[in-house]
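**Student:** A single structure is presented below for examination.
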Amino acid sequence: MTCIIAIRAEGNTFMVADGQVTTDKDEVITYSEPKIVEFDGLLVGLAGSMPVVTAVRKVLPDFAMELTSVTTSRALYTIVGDMMRSARAYMEPFIEDINSLNGEFIIANEHIMFAVNASGYIIEESKVFLFHRVVGYVTTGSGGMVAKAAIQASCSTASNLQKPEIKPDMESFIEGIGLLAARIASEQITSVGSSLIFKQLRKLP
């Protein structure tokens, strides 16, 4: 169980996750699992059954270049489908019942942002306005729905309190909103830890 959040605005992409890993009996194994990895211009947040996480880590580099250059939803679905089939093929020699496994991950950069589960089902980003500018975000894990509500409420509140004469720093705001949403999720959901891990991709000049 976990909470992973990706949020972006104006080319800056931020991802945050708790580091807690628990058993199916809610026994904590570690508080500092590195659930976010970065390579080839992508942030990837991984959660779920260890075989699924391991398999996705293994096959993702083979598809990173295609993902960073994808331009249509149809192409995205095709690439992700191929990637998940490769992940299943990697697991088959070791796992008797692959269909019983659960896993979720988020892939994001300034151009793409989506969540995928172990079956290959894609959840595309949601959007909200912050200071009249579009913010995209995706949440997943046991704390995902709480985090989603926190992002929506935070953006709405900040926008309503904005003073016209002050130009907000969007990079700082999306980072703060992402961290706040993760902390709220950790307070509401016992399986979400309070030790947070985060990474950021800044817009290239």
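Numbering-wise (the working numbering), the sequence shown opens with residue 2 and increments by one.
C-beta atoms are modelled at their ideal positions from N, C-alpha and C, and glycine is treated no differently.
(1) When the Cα of Phe-132 is compared with those of Gln-163, Thr-79, His-112, which residue comes out closest?
(2) Less than 6 angstroms between C-beta atoms, sequence neighbours within five positions excluded: which residues of the same chain meet that for Ser-195?
(3) Comparing C-alpha positions only, which one of Ile-5, Glu-93, Ala-109 sits nearest to Phe-40?
(4) With a floor of 3 residues, list each beta strand (DSSP E) that falls wholly inside the stretch 24-89, ordered by position along the chain.
(5) In this structure, does DSSP put Asn-118 in helix, strand or coil?
(6) Mind checking which residues open and close the alpha helix (DSSP H) that includes Glu-188?
(7) Look at Phe-15 and Phe-130 and say whether their C-beta atoms are less than 9 angstroms apart.
(8) Assign Tyr-138 to buried or exposed, taking buried as 16 or more other Cβ atoms, counted over all protein chains shown, within 10 Å of its Cβ.
**Tutor:** Concretely, from the data shown:
(1) Checking every option, the nearest Cα to that of Phe-132 belongs to Gln-163.
(2) Excluding sequence positions up to five before and after Ser-195, its CB lies within less than 6 angstroms of the CB of Ser-187, all in the same chain and listed in chain order.
(3) For the options Ile-5, Glu-93, Ala-109, the alpha carbon positioned closest to that of Phe-40 is the one of Ala-109.
(4) Fully enclosed beta strand (DSSP E) runs of 3 or longer: 29-31, 37-40, 43-49.
(5) In the three-state reduction of the DSSP assignment, Asn-118 falls in the strand class.
(6) That run of the alpha helix (DSSP H) goes 171-189.
(7) A distance of 9 angstroms or more separates the beta carbons of Phe-15 and Phe-130.
(8) A residue is called buried when at least 16 other Cβ atoms come within 10 angstroms of its Cβ; Tyr-138 meets this threshold and is buried.
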